[in-house]
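Just below is one structure, and these are the notes that go with it.
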Amino acid sequence: MSAISDLDTLVSTMSPELNGGVFVFATVASLNAVETDSVVAMVVETEGISVVISGADALRQSISHDLRAAWITLSINSALEAVGLTAAFARPR
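Here it is, written out as structure tokens:
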């Protein structure tokens with residue numbers, strides 16, 4: 000299957016899947032501050048390490064956070080040059 004770049008085709012053929020639970024976005028000073036096996040995603044930034052973990056793991060590990068969110072996987076074979084999919088999906092209907 001070739002990657003899709005046309006936005007209308009992407010939106011009409013994607014299969015959104017809601018992952019169970021609540022996830023949080025938090026910033027930690029170092030990886031020593033979080034159990035790394037509970038990390039779903041991580042980005043190293045100047046102010047610290049941003050991690051996405053489940054809300055339950057954040058609570059258990061006493062990791063403070065400002066954002067609680069759902070995790071939706073958009074199953075689609077999108078081309079790297081495709082733009083606008085997230086905005087189109089997030090747009091209120």
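When we follow numbering that gives the first Met the number 0, the leftmost residue of the sequence shown carries the number 0, and every step to the right adds one. Built from N, CA and C at the ideal position, the CB exists for glycine as well. Computed from a predicted structure; not experimentally measured.
Beta-bridge partners of residue i, as assigned by DSSP
{"i": "Ser53", "result": "Phe22"}
{"i": "Gly83", "result": "According to DSSP, Gly83 bridges with nothing at all."}
{"i": "Glu34", "result": "Per DSSP, none; premise fails for Glu34."}
Residue of the options minimising C-alpha distance to residue i
{"i": "Leu30", "options": "Ile48, Ala89, Met13", "result": "Ile48"}
{"i": "Thr26", "options": "Leu6, Val51, Met13, Glu16", "result": "Val51"}
{"i": "Arg59", "options": "Val23, Leu9, Ala78", "result": "Val23"}
{"i": "Val38", "options": "Asp56, Gly19, Asp5, Pro91", "result": "Asp56"}
{"i": "Ala87", "options": "Ser1, Met0, Ala2, Thr12", "result": "Thr12"}
{"i": "Leu98", "options": "Ala40, Ser4, Leu84, Ala69", "result": "This structure does not reach residue 98, given that the chain is present from 0 up to 92, and the question cannot be answered."}
{"i": "Ala89", "options": "Thr72, Ser4, Ala78", "result": "Thr72"}
{"i": "Thr85", "options": "Asp7, Glu44, Met0", "result": "Asp7"}
Assumed close pair residue i, residue j - CB separation to whole angstroms, cut-off 8 Å
{"i": "Ser61", "j": "Val21", "result": "Wrong, their Cβ atoms sit about 16 Å apart, outside the cutoff."}
{"i": "Ser74", "j": "Ser14", "result": "4 Å"}
{"i": "Ser1", "j": "Ala81", "result": "12 Å between Cβ atoms; not a contact."}
Cβ neighbour criterion (16 or more within 10 Å) applied to residue i
{"i": "Val33", "result": "buried"}
{"i": "Leu79", "result": "exposed"}
{"i": "Leu9", "result": "buried"}
C-beta neighbour in chain B for residue i, strict 8 Å
{"i": "Val50", "result": "The question asks about chain B, but that chain is absent: this structure has only one protein chain."}
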